[in-house]
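A short write-up of the structure that comes next.
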Amino acid sequence: MATNASISGVARFRVSDVVPVPLRGYMLRLRVTDGEPAPAMVRPGRSLRLVGPDGAQRVVRIQGIGAPSGRARADRLARIGEIDVVVSAADGEAVRIGWTAEPAS
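Start counting the sequence shown at 319; every next residue gets the next number (our numbering).
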């Protein structure tokens, strides 16, 4: 059954982990919850809209792709349904597990 997100081409993620990365900022582990994201949606330079459980919102720019378990590969997002992105310290310090993310328009 197709969801509204997969019909519109928008993917949604849930922040499942937030880890400080010295000298870079924070690594956010994003797990797909809705839709089928293309790797280009979460490449460095793209923006994400993060929404907290209380409705707080922020738009962050992806600085890089995290690779805590080895080299980041494009097919990991399709196979596992998660990707690690790095955002600046100012962007990531208030983000917590349970927030949602989607591409900012």
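All residues carry an ideal CB built from backbone N, CA and C; glycine is no exception.
Using CA atoms only, rank isn't needed, just tell me which of R379, L366, V403 and Y344 is closest to R433.
Residue coverage of the chain in this structure runs from 319 to 423, which leaves residue 433 outside it and unanswerable.
Nearest-angstrom Cα separation, counted from I380 out to R364: 6 Å
- Item | Residue burial classification, A385 (beta-carbon count within 10 angstroms, cutoff 16) | exposed
Taking the alpha carbon of I398 as the point to measure from, which residue in E354, V377 and P362 has its own alpha carbon closest?
-> E354
On a Cα-Cα basis, can you pick out the residue from T418, A407, I415 and P421 that is closest to L341?
A407
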